[in-house]
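Below is one structure; the comments refer to it alone.
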Amino acid sequence: MAIVWVLVCLLFLATHSVSFEGRNPEVETLIKLKNGLIDPRGVLSNWDEDSVDPCSWAMITCSPDNHVTGLGAPSQGLSGILSGMIANLTNLRQVLLQNNNISGEIPAEIGALSNLQTLDLSSNQFSGHMPESLGLLNGLQYLRLNNNSFCGAIPLSLAKVPQLAFLDLSFNNLSGPVPKFPARTFNIVGNSLICESHSTEGCSGSAFPIPLSFSLGSSSGKHNSKKLATALGVSLSFASLIVIAVVFIYWRRKKLTKHSILNITDLQEEGLMSLGNLRNFTFRELHVATDYFSSKNILGAGGFGNVYKGKLGDGTLVAVKRLKDVIGTAGESQFRTELEMISLAVHRNLLRLIGYCATPNERLLVYPFMSNGSVASRLRG
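Counting in this note's numbering, the sequence shown runs from 575 upward without gaps.
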């Protein structure tokens, strides 16, 4: 009898050991994140702790090798806290949780996400001090923490993030001096306590384009006026350069032969970014696929541009939306965020984005081709 009991115990331990070893650590981490959040709309309802693969879950984006690279649930009514367990998702590149009601502090553990490129926690109810560990995110390019209740000084470590291109800390309760950010654009308006400690005048920051970053540490009124004049002069010079660039690009595009792919510029051939598991098409590839954006392939036209039917090199039919008036509009960081939000959208009546093309002169979105008409026509029945 004792031998039978020992065998039963060994079998029990072996079974649970296999079960434990076979559990996906990313699933465990995501479930712990979910447990820290309040989800009144049930947008995370298909996050199942018994699942072995989180890549099919809502609000999750994965890499081709099935690692979680994107977590995005913007404007979903989430509240609760952001758990420090997020640090275990070491492959994360994008976190988009803006426009919710998440509170508490940003966990210091977030600094362990060495692959993170985009972090948007804007328009929530975060409070406390911003963690110094944000400065450990060496790959971070886009950071939005605006419209929260952060207090205290801006972490000096943020000035050491080498690839930071966009930073928005506006409308918080921050105080103290402003570090010299590497970001090409930053915004600190709406922080009335950002001022030198003995100043009697209110001072807050503004969004400035490259190359301006500024500190309000020890400037007199006269010195501030000189800096303002310098900033204005640089801004006007920069604006003049933009106008000249736009005229030059327009002239160049007019010279391109409409039906000759040999005239596509080298810049158009190179993509500006890579994004998760979305396919990054070249302009040349989509130019050929749509028969050089032939009018006979137009599926529809709207305020944001035309949609063309295309056929890729492997025979796959696609719908290519060519956005118009992209020069002088959204920059790379904003376009990246819009792509992330579109790619994370999950709904039975929405076509899932499969790829994009981003060049200095072009923005294109690639969707599956629907042979039975448009989404609107299908919704009408």
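Backbone N, C-alpha and C fix where the C-beta goes; we use that ideal spot for every residue, glycine too. Fair warning: this is a prediction, and the values are worked out from it, not measured in the lab.
- DSSP, reduced to helix, strand and coil, places residue 739 outside both helices and strands of the structure shown, so it counts as coil.
- With a cut-off of 8 Å on Cβ pairs, the region 621 to 628 is not in contact with the region 654 to 665, counting fewer than three such pairs.
- Pairing residue 760 with residue 614, the inter-Cα distance amounts to about 34 Å.
- Under the 10 Å beta carbon count, residue 667 is surrounded by 16 or more other beta carbons and is classified as buried.
- Using a Cβ distance threshold of 8 Å, residue 723 and residue 701 count as a contacting pair.
- Taking C-beta atoms under 8 Å as the contact rule, residue 645 and residue 669 qualify, at a distance of about 5 Å.
- The beta carbon of residue 672 sits closer than 8 Å to those of 648, 649, 694, 695, 696, 697, 698, 718, all from its chain and outside the five residues before and after it, given in chain order.
- 932 is the residue among 865, 629, 932 whose C-alpha sits nearest the C-alpha of residue 853.
- Under the three-state reduction of DSSP, residue 858 is assigned to helix.
- CA-to-CA, the gap between residue 743 and residue 726 works out to about 12 Å.
- About 7 Å separates the beta carbon of residue 897 from that of residue 938, a gap short enough to meet the 8 Å contact definition.
- Apart from the 5 residues on each side of it in sequence, residue 711 sits with its Cβ closer than 7 Å to the Cβ of 685, 687, 690, 735 in its chain, given in chain order.
- Within the region 701 to 772, the complete beta strand (DSSP E) segments at least 3 residues long are 716 to 718, 723 to 727, 740 to 742, 747 to 749, 759 to 761, listed from N- to C-terminus.
- Residue state for residue 869 is assigned as helix, using DSSP reduced to three classes.
- For residue 675, the enclosing beta strand (DSSP E) stretches over residues 675 to 678.
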